[in-house]
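In what follows, a single structure is set out as structure tokens and then discussed.
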Amino acid sequence: FVGLDNYKTVFTNPDYFVTFKNSLYYLVGSFLQQIVALLMASILCAKIRAKGFFKGVLFFPYLMNGVAVALIFLKFFSKGSPPLTGEGTLNAIIEFFGGDAVKWLSTPWLANCCLVFVSMWRYIGFDIIMYMGAIQSISPDLYEASDLDGANPWQRFRYIVFPSIKPIISLQLILAVKGAISVFEIPYIITGGKNGTSTFVIKTIDTAFVYKKLGLASAMGLTYSGVILGVIVLGALLMKSVVFYQRRD
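All residue numbers in the sequence shown are consecutive under the numbering used here, ending with 249.
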């Protein structure tokens, strides 16, 4: 019986809990993803040509299997095993135009940025659809009133669209934080967690099935569950306060 020694190891050994720091890359990328998704949703809700086509194009990556997406971008950024070479589709395009090849997955910060881009590309379609549904649920009377008052597009978004979709924005931010913490398949397949790209979930799986430390992996799993539970509770309180203040307004 080891008591709380495994939990002590999780929080004190830099090889374990420190992997949560890579979640910061995905957290920043998730917030950027929400901004871009809200902008794209606002554009697609306007009267533009072929918006149905653009909706399909943007939402299609979300329908793809995560493993397939990771394998596609593995060949896009690099070639070979392990994925550390300067070859790949992206570098072929760069060299075609006279540039120098870049080892995208060799430097930790650059590799994490590439992985965040892949994650954004896959999930942004879902966010766009969510925001479009929220924007389209706003009463047209509010838009007509704003037109009569001479409001410009920015004022319409600030005083009508944004206050009306606050609950959806809060929900999407909660999902963004949860997703940033639980990233697994994309970095696991593309880099295998090497070169400073390992996440807490990848480290937990390696601890259990590669190093056979099942007790320590169980402690890591419970720690991860506690973090997720904390995010959910905090998000629920945030959504409750947002709805409360919206009703007061």
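The C-beta atom is built at its ideal place from N, Cα and C for all residues, glycine as well.
A quick note: this is a predicted structure, and the numbers were derived from the prediction, not measured.
- Task: Could you pull out every residue in the same chain whose Cβ sits closer than 6 angstroms to the Cβ of Pro-163, ignoring the five residues on either side in sequence?
- Result: What you label residue 163 is simply residue 163 of the sequence shown in a count that begins at 1. There are no such residues.
- Task: To the nearest angstrom, report how far apart Asp-5 and Ala-134 are at their CA atoms.
- Result: Walking along the sequence shown from the start, residue 5 turns up at place 5. Walking along the sequence shown from the start, residue 134 turns up at place 134. If you take the alpha carbons of Asp-5 and Ala-134, they lie about 48 angstroms apart.
- To the nearest angstrom, how far is it from the Cα of Leu-148 to the Cα of Arg-156? Translated into positions along the sequence shown, residue 148 becomes position 148. Translated into positions along the sequence shown, residue 156 becomes position 156. A straight-line Cα-Cα distance of about 12 angstroms links Leu-148 and Arg-156.
- Message: Please report the straight-line C-alpha distance between Leu-44 and Tyr-26, rounded to a whole angstrom.
- Response: Taking the first residue of the sequence shown as position 1, residue 44 is located at position 44. Taking the first residue of the sequence shown as position 1, residue 26 is located at position 26. Whole-angstrom Cα-Cα distance: 26 angstroms.
- Message: Quick check: what's the CA-CA separation for Leu-24 versus Thr-199?
- Response: Translated into the one-based positions of the sequence shown, residue 24 becomes position 24. Translated into the one-based positions of the sequence shown, residue 199 becomes position 199. In this structure, the CA atom of Leu-24 is about 10 angstroms from the CA atom of Thr-199.
- Task: Report the three-state DSSP secondary structure of Ala-50 (helix, strand or coil).
- Result: To locate residue 50, count along the sequence shown from 1; it is residue 50. In the structure shown, Ala-50 sits in coil (DSSP, three-state: anything other than H, G, I, E or B).
- Item | Coil, strand or helix - Pro-83 by DSSP | The residue given as residue 83 occupies position 83 in the sequence shown. Low confidence applies here, because Pro-83 scores a pLDDT of 48, under 50, leaving its location unreliable and the question unanswered by this model.
- Query: Leaving out the 5 sequence neighbours to the left and right, which residues in its chain are closer than 7 angstroms to Lys-71 when beta-carbon positions are compared?
  - Reply: Within the sequence shown, the letter at position 71 stands for residue 71. It is Leu, not Lys, that sits at residue 71 in the sequence shown. Answer for Leu-71: Ile-189, listed in chain order.
- Query: What's the gap between the Cα of Val-28 and the Cα of Asp-127?
  - Reply: Position 28 of the sequence shown, counted from the first residue, corresponds to residue 28. Position 127 of the sequence shown, counted from the first residue, corresponds to residue 127. The straight-line gap separating the alpha-carbon atoms of Val-28 and Asp-127 is approximately 15 angstroms.
- How many Å lie between Gly-221 and Thr-12 at the Cα? Position 221 of the sequence shown, counted from the first residue, corresponds to residue 221. Position 12 of the sequence shown, counted from the first residue, corresponds to residue 12. Looking at the backbone, the Cα of Gly-221 and that of Thr-12 are separated by about 16 angstroms.
- Report back the beta-carbon spacing between Phe-60 and Gly-125 to the nearest angstrom; my notes put them in contact at under 8 angstroms. Position 60 of the sequence shown, counting from 1, holds the residue named residue 60. Position 125 of the sequence shown, counting from 1, holds the residue named residue 125. With 8 angstroms as the limit, Phe-60 and Gly-125 qualify as a contact, their Cβ atoms being about 7 angstroms apart.
- Validate contact between the stretch 99-118 and the stretch 191-211 using beta carbons, cut 8 angstroms, 3 pairs: Enough Cβ pairs lie closer than 8 angstroms, so yes.
- Is the stretch 231-240 close to the stretch 49-60, with three or more CB pairs under 8 angstroms? Here the stretch 231-240 makes no contact with the stretch 49-60; the two share fewer than three CB pairs at distances below 8 angstroms.
- Item | Neighbour-count burial assignment, Gly-88, 16 or more Cβ in a 10 Å radius | Taking the sequence shown and counting its residues from 1, the one referred to as residue 88 is at position 88. By the Cβ-count criterion, Gly-88 is buried, with 16 or more other Cβ atoms from all chains shown falling within 10 Å of its own Cβ.
- Give every residue of the same chain whose Cβ lies closer than 6 angstroms to the Cβ of Leu-238, excluding the five residues on either side of it in the sequence, and list them in chain order. Numbered from 1 along the sequence shown, position 238 holds the residue referred to as residue 238. So the list reads Ser-170, once near-sequence residues are dropped.
- Message: Using only the alpha-carbon positions, how far apart do Lys-8 and Leu-175 sit?
- Response: Reading the sequence shown from its first residue, position 8 is the one you call residue 8. Reading the sequence shown from its first residue, position 175 is the one you call residue 175. Lys-8 and Leu-175 have their C-alpha atoms spaced approximately 29 angstroms apart.
- Message: Pop quiz: Leu-105 and Phe-73 are said to be a contact at Cβ under 8 angstroms. What is the actual Cβ separation, rounded to whole angstroms?
- Response: Your numbering for residue 105 matches position 105 in the sequence shown. Your numbering for residue 73 matches position 73 in the sequence shown. With 8 angstroms as the limit, Leu-105 and Phe-73 do not qualify as a contact, their Cβ atoms being about 10 angstroms apart.
- Using three-state DSSP, classify Trp-104 as helix, strand or coil. On the sequence shown, residue 104 is found 104 positions in, with the first residue counted as 1. If DSSP states are grouped into helix, strand and coil, Trp-104 belongs with coil.
- Task: State buried or exposed for Asn-152, treating a residue as buried only when at least 16 other CB atoms are found within 10 Å of its CB.
- Result: Here residue 152 is taken as the residue at index 152 of the sequence shown, counted from 1. Flag for Asn-152 reads exposed.
- Just the C-alpha distance for Val-18 and Pro-140, rounded to the nearest angstrom, thanks. Stepping through the sequence shown from its first residue, residue 18 is reached at position 18. Stepping through the sequence shown from its first residue, residue 140 is reached at position 140. Cα to Cα, Val-18 sits roughly 49 angstroms from Pro-140.
- Apply the 10 Å Cβ neighbour rule to Ile-181 and answer buried if 16 or more other Cβ atoms are within range, or exposed otherwise. Counting from one through the sequence shown, the residue named residue 181 turns up at place 181. The residue is buried, with at least 16 neighbouring Cβ atoms inside 10 Å.
- Under three-state DSSP, which class holds Cys-113? Along the sequence shown, read from residue 1 onward, the residue named residue 113 stands at position 113. In the structure shown, Cys-113 sits in a helix (DSSP, three-state: H, G or I).
- Query: So which of Val-2, Gly-230 and Asn-22 has the shortest CA-CA distance to Pro-187?
  - Reply: As a working note, residue 187 is residue 187 in the sequence shown. Per the Cα distances, Asn-22.
- Message: Helix, strand or coil, according to DSSP, for Ser-225 in the structure here?
- Response: Taking the first residue of the sequence shown as position 1, residue 225 is located at position 225. The DSSP-derived three-state label of Ser-225 is helix.
- Query: Just curious, the alpha helix (DSSP H) that Val-10 is in, first and last residue?
  - Reply: Residue mapping note: residue 10 aligns to position 10 of the sequence shown, counting from 1. Where Val-10 is concerned, the enclosing alpha helix (DSSP H) stretches over 5-12.
- Item | Closest Cα partner of Pro-108 within the set Ile-160, Thr-191 and Ser-30 | Taking the sequence shown and counting its residues from 1, one reaches residue 108 at position 108. The shortest Cα separation from Pro-108 among Ile-160, Thr-191 and Ser-30 belongs to Thr-191.
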